[in-house]
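Peer 1: Below is the structure I would like to discuss, written out as structure tokens.
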Amino acid sequence: MTPSAERRLSDALHEIAATQPFVPDADAIERRSRRLRQRMTTVRIAGAAVAVVAVVTAATVVLNTLGSGHQPAIHATHGVTARQSLAQLIASLPTAPKVTGDATLTVEDVGILSNGQEGQNWELDLDDGTFYTGSSHAELQDHVARHRKEAGITFVREVAAAKYAATGDLATARDQMADAQVKPSDPNKISTSNDIGEIDTQIWQNGWFALTARAGDAVVRMGVLRLLSTLPEVIITDTRTAGRRTITLTYPDLGSDRDPPGSTRLTHILVIDAATGVPVTTDREEVEGGSSVSSINVEISRVTVADVAAGKF
Amino acid sequence: MSGQDDDYREFVRSRAAPLHRTAYLLCGDWHLADDLVQETMAKAFRHWRKVQRADSPDAYVKRILINEANRHWGRHRTTPPPTDLPARATVVPDLANGVVDRDVLLHALLSLPARQRATIVLRYLDGMSERETATVLNCGEGTVKSQTSRALRTLKSLLSQEELSL
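Chains as they are written, first to last, in my numbering: chain A, 2 to 314; chain B, 281 to 446.
Have a look at this one:
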């Protein structure tokens, strides 16, 4: 694109964005900030309680695979329990019994909306790829009962990459997952980036999408977990959640030296059932100066479409 | 009212409108843009001392906004973003001396991956340099270059598909 075309793009964007006046309500923002502070305090207390319950049997296990043909070899600083747990889980998935339900329900705390109310986001991913959303329990039930699904099948390429990764070459699978959101005709692939962190972040994110969209498919779970095990940034711990054995995968935003002091960094935590690999919760946490300043928690469960349509969830 | 509160209110008064425009191009929905800006400013209020001490308070707050927008898309994943363009002024100057339907251009922008979209908005709406954009997006300047290149190619391709050649 020529410099003149870039100028016209800039002009066009200004034109589009200039049509709506906005007068900030400083009082409302301050009220929102105080409520946000209260909410974060609650989140931190809840998080501390979960941490007490969690039994960390392998303090920090860092996967280090990039120099070894992307095989999921894991080097632990001490203890190999978490690595073994993940490896055993992956190995068991080809013969794993079908998990219950025919859909995956995710419920997320959206936070405080502009009307001052706490918001939630309800999503239902059917195992066949159909997708429903709602802003409340009642709305999701209504949408499912009326078959008011979202358009299209979700995450086709992410799911295909995950299925390939289950038994295919992991280096190829990494490229496929990294490029899952790039149009096939686009020659500029994420996988060709010189920034390994950018590639890994895309693999993590797209893998998470595939895992939540097709949690009922053991092949998808296996492929995603094999792929995530190639990411050197991921920290794995054995944990216990609500009485059941879980594995926690943490993808820290490592930031960069260019960060201004006090910059917020985002850490993504994925908790999966240690026996099935089905996701249990995810948590996105903003960290400043080593302390959590906000957190968005997503609860995930297996359900049946019939139960959701009937309001039994 | 304390001097700190006065400073904060002045910051909100002077920055909210441009931040709102940035938010709109990130999400394509004025109401959601309202929400993103309110959340961003609320977080800025909570960390006001850090904002004041930052080398660039504008970059600091813009990064909060980008994070909020990313979190929104993380929550809603690839659900196509809505647009609520007003009926008037449906065309804007195009990239090749003609006109581009603003709805088409906005939809093309919103179809970009989140990071590419943010890069385009920061570079071409906010006029940030590659270094400033890299600071806000927490990446290297090389990544900004590559993301910009990818995004511009995609925009050009999408607009061409609509028979609006560049």
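Where is the CB? At the ideal position from N, CA and C, for every residue including glycine.
Here the structure is a predicted model, which means the values were calculated and not measured.
For Gln21(A), decide whether its Cβ has a neighbour in chain B, counting only Cβ atoms nearer than 9 Å.
Peer 2: In the first sequence, the residue the question calls residue 21(A) occupies position 20. Chain B contact via Cβ: present.
Peer 1: Beta-carbon of Arg430(B) versus every beta-carbon of chain A: anything under 9 Å?
Peer 2: The sequence position of residue 430(B) within the second sequence is 150, counting from 1. It does: the Cβ of Arg430(B) has a partner Cβ on chain A nearer than 9 Å.
Peer 1: Along the beta strand (DSSP E) that carries Phe132(A), what are the first and last residues, could you check?
Peer 2: Here residue 132(A) refers to the residue found at position 131 of the first sequence. Per DSSP, Phe132(A) belongs to the beta strand (DSSP E) from 132-135.
Peer 1: Checking contacts by CB at 9 Å: is Met321(B) closer than that to chain A?
Peer 2: Your numbering for residue 321(B) matches position 41 in the second sequence. At least one beta carbon of chain A lies nearer than 9 Å to the beta carbon of Met321(B).
Peer 1: Could you check what DSSP says for Glu151(A) in three-state terms: helix, strand or coil?
Peer 2: Here residue 151(A) refers to the residue found at position 150 when the first sequence is read from its first residue. If DSSP states are grouped into helix, strand and coil, Glu151(A) belongs with coil.
Peer 1: Which of the three DSSP states, helix, strand or coil, is assigned to Gln177(A)?
Peer 2: The residue labelled residue 177(A) in the question sits at position 176 within the first sequence. Residue state, collapsed to three classes: helix.
Peer 1: Ordered along the chain, which non-local residues of its own chain (more than five positions away) have a Cβ less than 7 Å from that of Asp103(A)?
Peer 2: Position 102 of the first sequence, counted from the start, is the residue given in the question as residue 103(A). The answer, listed in chain order, is Leu127, Asp128, Gly217, Thr305, Val306.
Peer 1: Less than 9 Å between CB atoms is the rule here; does Pro280(A) satisfy it with respect to chain B?
Peer 2: Here the question's residue 280(A) lines up with position 279 in the first sequence. Not closer than 9 Å to any Cβ of chain B, the Cβ of Pro280(A) fails to qualify, so no.
Peer 1: Lys99(A): buried (16+ other C-beta within 10 angstroms of its C-beta) or exposed?
Peer 2: Here residue 99(A) is taken as the residue at index 98 of the first sequence, counted from 1. Result: exposed.
Peer 1: Of all Cβ atoms in chain A, is any one closer than 9 Å to the Cβ of Thr423(B)?
Peer 2: Counted from its first residue, the second sequence places residue 423(B) at position 143. Judged by the 9 Å Cβ criterion, Thr423(B) is in contact with chain A.
Peer 1: Give a yes or no on whether 9 Å exceeds the smallest Cβ distance from Arg357(B) to chain A.
Peer 2: By one-based count along the second sequence, residue 357(B) stands at place 77. Interpretation of Arg357(B) is limited by its pLDDT of 46, a score under 50 that renders its predicted location unreliable; no figure is taken from the coordinates.
Peer 1: Looking at the structure shown, is Glu16(A) part of a helix, part of a strand, or coil, going by DSSP?
Peer 2: The count along the first sequence starts at 1 and reaches residue 16(A) at position 15. Residue state, collapsed to three classes: helix.
Peer 1: What residue ranges within the stretch 196-256 of chain A form continuous alpha helix (DSSP H) runs of no fewer than 4 residues, ordered along the chain?
Peer 2: 197-214, 219-229
Peer 1: Take Arg430(B) and list the residues in its own chain whose beta-carbon comes closer than 8 Å to its own, dropping the five residues that flank it on each side.
Peer 2: As a position in the second sequence, residue 430(B) is number 150, starting the count at 1. The residues are Gln396.
Peer 1: Check whether chain A comes within 9 Å of Asp314(B), counting only Cβ atoms and requiring the distance to be less than that.
Peer 2: Mapped onto the second sequence, residue 314(B) falls at position 34. Interface with chain A (9 Å Cβ-Cβ cutoff): Asp314(B) is included.
Peer 1: Can you tell me which of the three DSSP states Asn189(A) falls into?
Peer 2: To locate residue 189(A), count along the first sequence from 1; it is residue 188. DSSP places Asn189(A) in coil when its eight states are reduced to three.
Peer 1: Just how far apart, CA to CA, sit Leu10(A) and Tyr404(B)?
Peer 2: Indexing the first sequence from 1 puts residue 10(A) at position 9. Indexing the second sequence from 1 puts residue 404(B) at position 124. If I take the Cα positions, the gap works out to 7 Å.
Peer 1: Measuring only the C-alpha atoms, how far is Phe291(B) from Glu421(B)?
Peer 2: Residue 291(B) sits at position 11 when you count from the first residue of the second sequence. Residue 421(B) sits at position 141 when you count from the first residue of the second sequence. Going from the Cα of Phe291(B) to the Cα of Glu421(B) covers about 28 Å.
Peer 1: Compare the C-beta of Asn195(A) against all C-beta atoms of chain B and say whether one is closer than 9 Å.
Peer 2: As a working mapping, residue 195(A) is identified with position 194 in the first sequence. True, the Cβ-Cβ gap to chain B drops below 9 Å.
Peer 1: Cβ of Thr434(B) within 9 Å of Cβ of Leu392(B)?
Peer 2: Numbered from 1 along the second sequence, position 154 holds the residue referred to as residue 434(B). Numbered from 1 along the second sequence, position 112 holds the residue referred to as residue 392(B). Contact flag set, yes.
Peer 1: Shortest alpha-carbon distance to Leu226(A) belongs to which of Ala243(A), Ile197(A), Ala174(A)?
Peer 2: As a first step, residue 226(A) must be located in the first sequence, where it is residue number 225. Per the Cα distances, Ala174(A).
Peer 1: Using only alpha-carbon positions, find the residue among Thr168(A), Ala166(A), Thr107(A) that is nearest to Thr134(A).
Peer 2: Within the first sequence, residue 134(A) is the residue found at index 133, counting from 1. Minimum Cα distance to Thr134(A) is reached at Thr107(A).
Peer 1: DSSP puts Glu124(A) in a beta bridge; with which residues?
Peer 2: As a working mapping, residue 124(A) is identified with position 123 in the first sequence. In DSSP, Glu124(A) forms a bridge with Thr107(A), Thr134(A).
Peer 1: One question on the structure: do Leu271(A) and Glu286(A) come within less than 9 Å of each other, judged by their Cβ atoms?
Peer 2: Your numbering for residue 271(A) matches position 270 in the first sequence. Your numbering for residue 286(A) matches position 285 in the first sequence. No, the pair does not count as a contact, with Cβ atoms beyond the cut-off.
Peer 1: So is Thr419(B) in contact with chain A if we call contact Cβ pairs under 9 Å?
Peer 2: By one-based count along the second sequence, residue 419(B) stands at place 139. Checking the sequence, you will find Cys at residue 419(B) rather than Thr. By this cut-off, Cys419(B) is an interface position.
Peer 1: For Val221(A), count neighbouring C-beta atoms within 10 Å of its own C-beta (all shown protein chains included) and say buried if the count is 16 or more, exposed if not.
Peer 2: Within the first sequence, residue 221(A) is the residue found at index 220, counting from 1. So Val221(A) ends up on the buried side.
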